[in-house]
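Plus 14 on top of the position in the sequence shown (first one is 1) and you've got the working numbering.
Glycine included, every Cβ here is placed at the ideal spot set by N, Cα and C.
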Amino acid sequence: MIRVEHLNKTFRQPDGSLLTVLHDVNCEIHKGEVISIIGPSGSGKSTFLHTLNMLEPPTSGKVYVNGEDITAPDYPLAKLRHKMGMVFQNFNLFDHMTVLENITFAPVKLLHLSQTRAEQEAMELLKRVGMVHKADVYPATLSGGQKQRVAIARALAMHPDVMLLDEPTSSLDPTMVGEVLAVMRGLAQDGMTMLLVTHQLRFARDVSSRIIFMKDGGIYEDGTPEQIFEFPIHSATKAFVNRIKKLLFEIDSDDFDFYEIHTDITRFCIKYNIQAKAEHAFTLIKEVLFLHTRHIRPITVRLTHTEMTGVTALDFMVENLNETPLTDADRVKIRPQVNDIIEERTTRGFRVKLLI
Ligand code: ADP
Ligand code: MG
């Protein structure tokens, strides 16, 4: 469906210097594939999506869509944009139009559907994204997750051959990520060809038929989810997919804001899909700080989660301490609440790690 050959993109920076963002990208995208593009920030993922529908014309190289060279100077871009539904991070809905009008506007204007027909189709799409009840409201009254679901329906209304989604959940409040992921999961199951830039690695592994790992403006590794997540060839891929999410608290006295810690932990756990661990982590932190390490300050508390292995840990770190702060009695109290207790010296002090 899409073939990319020797694609390069160079930007001129404000100071006049040139920045090459895409280096010789080659790939083929077939009908029905669900491809997640992952990679560090700044690696060229967005630019790659933008060059595919010529929002950013490539500096050199070719993009063929269904055999047609869309980089040719005389190629009608309007036609191309119908074929590719684009969903961005920031919704881009028209604020002065209702939800229904947002969806019917382009099909009436560009596909010349009758108003009635466009509205019928729009209502079907709204049903698909769970937003029928909001057809007549204005976007300002919607939550971020609802706006993004409308944005997806609006893109689908143009009957695209392929959907390009650029981090559609990354500007959402964590509580709303799930509803948008569910809609995308539905699209993938319905056989929609999709190219999705995402930071949600677990989701990418679950829904994709293929993963592209981008690094430094190139496709660094390209394979099935199993290859990329379980058996990556390159060490950089391995490091990226096994990355650890962290939340840190420095506790230097007893008058810190416990409510704030509670809120931060809750948000962190929702974001990484470990809601069930939030209260447990919070209770353990309180217990360790006030019962077992009451006299030890400052102490750094760290909550970590490795998305791919699902391992969550609570670390309590103390600098310039040579031995464990825990007594046998402490251990007896903690043990039944955790999967493991690891007590170890570090280069700077001592760490008690609770696996939860
Ligand atoms: P990603 O989506 O992987 O985070 P981007 O494609 O947004 O990466 O950006 C890749 C690089 O290109 C970044 O260094 C960014 O600053 C630069 N870049 C992106 N768009 C432009 C632009 N319009 N002008 C200049 N530099 C840009
Ligand atoms: Mg981006």
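Fill in: Segment limits, alpha helix (DSSP H) that includes LEU248
Rather than Leu, the amino acid found at residue 248 in this sequence is His. First-last for HIS248: undefined, no H or E at that position.
Worksheet item: Considering only residues of the same chain and omitting the five flanking positions on each side of THR212, which have a CB-CB separation below 6 Å?
Response: Taking C-beta separations shorter than 6 Å and ignoring five residues to either side along the sequence, the partners of THR212 in its chain run SER50, ALA218, following chain order.
Practice prompt. Could you tell me whether the region 351-369 touches the region 322-334, where touching means 3 or more Cβ pairs closer than 8 Å?
Written response: yes
Discussion item. Please give the ranges of any alpha helix (DSSP H) in the region 248-332, keeping only runs that are unbroken, at least 4 residues long and fully inside the region.
Written reply: Annotation: the region 248-332 contains the following complete segments of the alpha helix (DSSP H) (minimum length 4 residues), in chain order: 249-255, 272-285, 292-301.
Discussion item. If contacts are defined as beta-carbon pairs under 8 Å, then LYS260 and ILE370 qualify, I think. What distance do you get, rounded to the angstrom?
Written reply: Not confirmed; about 15 Å, so no contact.
Worksheet entry | beta-carbon LYS59 near ligand 1 non-hydrogen atom, thresh 7 Å | yes
Worksheet item: Any idea if PHE108 is buried or exposed, counting beta-carbon neighbours within 10 angstroms, 16 or more meaning buried?
Response: Around the beta-carbon of PHE108, fewer than 16 other beta-carbon atoms lie within 10 Å, marking it exposed.
Worksheet item: Between which two residues does the alpha helix (DSSP H) carrying LEU215 extend?
Response: Run containing LEU215: 215-221, per the alpha helix (DSSP H) assignment.
Worksheet item: Which partner residues of ASP109 appear in the DSSP bridge assignment?
Response: Paired residue(s): none; ASP109 is not in a bridge.
Worksheet item: Touch check for the region 246-257 and the region 78-94: three-plus C-beta pairs under 8 Å?
Response: Under the 8 Å Cβ criterion, the region 246-257 does not count as touching the region 78-94, having fewer than three qualifying pairs.
Worksheet item: Roughly how many whole angstroms lie between the Cα atoms of TYR78 and PHE105?
Response: 27 Å
Practice prompt. Report the residue ranges of all alpha helix (DSSP H) runs contained in full by the region 45-85; include only those spanning at least 4 residues, in chain order.
Written response: Runs found: 59-66.
Worksheet item: Can you pull the DSSP bridge partners for ASP180?
Response: VAL211
Discussion item. Can you confirm whether the region 84-101 touches the region 165-174 when touching is taken to mean that 3 or more C-beta pairs between the two stretches lie within less than 8 Å?
Written reply: yes
Discussion item. Can you tell me whether PHE102 sits near ligand 1, meaning its C-beta is under 7 Å from at least one heavy atom of the ligand?
Written reply: Because no heavy atom of ligand 1 lies under 7 Å away, the Cβ of PHE102 does not count as near it: no.
Item to complete: May I ask you to report which of helix, strand or coil DSSP gives ASP344?
Response: helix
Worksheet item: If you pair each beta-carbon of the region 187-199 with each one of the region 123-134, do three or more pairs fall below 8 Å?
Response: No: the two stretches stay apart, fewer than three of their Cβ pairs being nearer than 8 Å.
Fill in: Host beta strand (DSSP E) of LYS229 (start-end)
224-229
Worksheet entry | Chain-order list of residues whose beta-carbon lies under 8 Å from that of VAL35 (same chain, five-residue window excluded) | Non-local beta-carbon contacts of VAL35 in its own chain, meaning distances under 8 Å to residues more than five positions away in sequence, involve LYS23, THR24, PHE25, GLY58, THR61, GLY231 in chain order.
Item to complete: Using the Cα positions of GLY56 and PRO246, report the straight-line distance between them to the nearest angstrom.
Response: 21 Å
Fill in: Buried or exposed (CB count within 10 angstroms, at least 16 for buried), GLU358
It counts as exposed.
Discussion item. Measuring only the C-alpha atoms, how far is VAL146 from ALA132?
Written reply: Spanning the two alpha carbons is a distance of roughly 14 Å.
Worksheet item: Can you find a heavy atom of ligand 1 that lies under 7 Å from the Cβ of SER50?
Response: no
Worksheet entry | Nearest candidate by alpha-carbon position, reference LEU317, set GLN351, MET15, GLU264 | GLU264
Worksheet item: Can we count LEU178 as close to ligand 1, meaning its CB is less than 7 Å from some heavy atom?
Response: No, ligand 1 has no heavy atom inside 7 Å of this Cβ.
Practice prompt. Assign ALA343 to one of two classes, buried (16 or more other C-beta atoms within 10 Å of its C-beta) or exposed (fewer than that).
Written response: exposed
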